[in-house]
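Residues in the sequence shown are numbered consecutively from 716, following our numbering. All C-beta atoms, glycine included, are put in the ideal place defined by N, C-alpha and C. Let me begin by presenting the structure, written as structure tokens, before commenting on it.
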Amino acid sequence: MLKADLLTCAYGNNPILDQISVELIPGEVLVLIGPNGAGKTTLMRALSRLLKPTAGQVLLADEDIWKQKPRDVAQRLALAVQQEQRDWALTLEEAVSLGRSPYKGWTGRMDATDQNIVEEAMAQMGVQELRDREITSLSGGEWRRMILARVLTQQPEILLLDEPTSGLDLKYQYEILTLVRQLAHEKQLTIALTLHDLNQAALYADRIALISKRNIVAIGKPDEVLTPAIIEQAYEVEVQVLRHPEHQTPLVVPLGTRSR
716 MLKADLLTCA
726 YGNNPILDQI
736 SVELIPGEVL
746 VLIGPNGAGK
756 TTLMRALSRL
766 LKPTAGQVLL
776 ADEDIWKQKP
786 RDVAQRLALA
796 VQQEQRDWAL
806 TLEEAVSLGR
816 SPYKGWTGRM
826 DATDQNIVEE
836 AMAQMGVQEL
846 RDREITSLSG
856 GEWRRMILAR
866 VLTQQPEILL
876 LDEPTSGLDL
886 KYQYEILTLV
896 RQLAHEKQLT
906 IALTLHDLNQ
916 AALYADRIAL
926 ISKRNIVAIG
936 KPDEVLTPAI
946 IEQAYEVEVQ
956 VLRHPEHQTP
966 LVVPLGTRSR
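Here it is in structure tokens:
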């Protein structure tokens with residue numbers, strides 16, 4: 716469905732990713748982890764057609780994404796980034812409705828079908844009662860749910876989320892991640908997201924891809940990626956990997972900085 720094939724990306728003369736290959740699978744949550752500056756956000760930007768690679772391809776439905784019309788891509792793929800402009804003079808409902816932009820006709824107006832989709836997305840994210848609130852007044856958790864509602868109104872097959880839990884209280888972090896997992900498993904969406912918390916990745920990922928030194932150095936199920944040797948090599952910190960007492964997923968406990 717969505718695949719990076721020997722993808723190389725750079726900002727100017729600064730190489731960020733080098734020949735990365737990864738495939739996203741419908742009904743699965745793929746979590747990208749890695750040290751700061753490893754290229755997680757860059758990969759998200761490349762996968763979503765925001766950053767053109769210097770070499771390699773991003774394939775959407777087996778076709779180069781850069782040979783497809785932006786409108787067609789937006790009808791299949793939605794991206795929610797970590798930082799978005801928050802000073803728009805919009806209500807929550809108006810902001811969520813922006814997700815229907817790729818489907819609007821020449822009049823630019825929403826019809827009854829569009830409105831029903833907006834209502835369903837707001838209901839799914841639990842923000843219907845906030846519809847008339849100015850988005851500048853939303854809390855962090857409310858903002859994230861609004862963004863998710865907006866991208867869901869695009870009715871994408873593929874959902875890319877860059878640090879969706881950043882800056883949120885613990886309660887809202889787990890609410891968002893639970894919703895994301897439900898969307899993948901119940902709606903069969905193809906989902907990739909970036910996380911810094913390795914234990915959250917272990918709990919919510921079907922697969923984890925660890926990016927380090929410009930490439931994916933490990934990819935697989937949480938048990939296959941979150942091992943002491945792999946983590947210590949990428950993060951330069953000694954860890955012990957235990958088991959979650961309830962879910963039996965890997966539980967990463969830092970022990971200290973690795974001696975050089």
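Alpha-carbon to alpha-carbon, residue j and residue i
i, j, result
"Asp-847", "Arg-824", "19 Å"
"His-959", "Pro-943", "15 Å"
"Trp-803", "Pro-879", "20 Å"
"Asp-826", "Arg-922", "39 Å"
"Arg-896", "Tyr-919", "7 Å"
"Tyr-726", "Arg-929", "13 Å"
"Val-671", "Val-773", "Because the chain in this structure spans residues 716 to 975, residue 671 falls outside the shown range and cannot be described."
"Leu-867", "Asp-733", "32 Å"
"His-962", "Leu-863", "26 Å"
"Gln-948", "Gln-790", "39 Å"
"Ala-719", "Ile-780", "10 Å"
"Leu-892", "Lys-819", "30 Å"
"Glu-849", "Glu-857", "11 Å"
Residue(s) in a DSSP beta bridge with residue i
i, result
"Gln-903", "Paired residues: none, contrary to the question."
"Ala-725", "Pro-730"
"Asn-930", "Ser-927"
"Lys-936", "According to DSSP, which records beta bridges pairwise, Lys-936 is partnered with nothing at all."
"Ala-719", "Val-737, Val-773"
"Arg-958", "Pro-965"
"Val-952", "Thr-972"
"Ile-873", "Leu-792, Thr-905"
"Glu-947", "BP columns for Glu-947 are empty, so no partner."
"Ile-748", "Leu-925"
"Glu-849", "Thr-806"
Own chain partners of residue i with C-beta closer than 8 Å, once the 5 adjacent residues on each side are dropped
i, result
"Thr-905", "Met-716, Leu-717, Leu-739, Ile-740, Pro-741, Gly-742, Glu-743, Glu-872, Ile-873, Leu-874, Ala-899"
"Ile-731", "Cys-724, Ala-725, Gly-754, Thr-757, Arg-929"
"Ile-934", "Val-737, Arg-922, Ile-923, Ala-924, Leu-925, Val-940"
Close Cβ partners of residue i (< 7 Å) along its chain, the five nearest in sequence each way excluded
i, result
"Arg-786", "Pro-817"
"Ala-753", "Ile-926, Ser-927"
"Leu-766", "Cys-724, Thr-757, Arg-760"
Secondary structure of residue i, DSSP reduced to three states
i, result
"Val-796", "coil"
"Arg-815", "helix"
"Glu-778", "strand"
"Gly-742", "coil"
"Pro-969", "strand"
"Gln-888", "helix"
"Arg-922", "strand"
"Leu-883", "coil"
"Val-842", "coil"
"Leu-805", "coil"
Own chain partners of residue i with C-beta closer than 6 Å, once the 5 adjacent residues on each side are dropped
i, result
"Ala-917", "Pro-937, Leu-941, Thr-964, Pro-965"
"Gly-855", "Gly-882, Leu-883"
"Asp-877", "Thr-756, Met-759, Val-796, Gln-797, Thr-909"
Contact test: residue i Cβ vs the ligand COA heavy atom, cutoff 6 Å
i, result
"Gln-843", "The model depicted lacks the ligand COA and carries no ligand whatsoever."
Inset, instruction - Indicate whether the contact test is met: 3 or more Cβ pairs, each with one atom in the segment 838-846 and one in the segment 758-765, closer than 8 Å. - result: no
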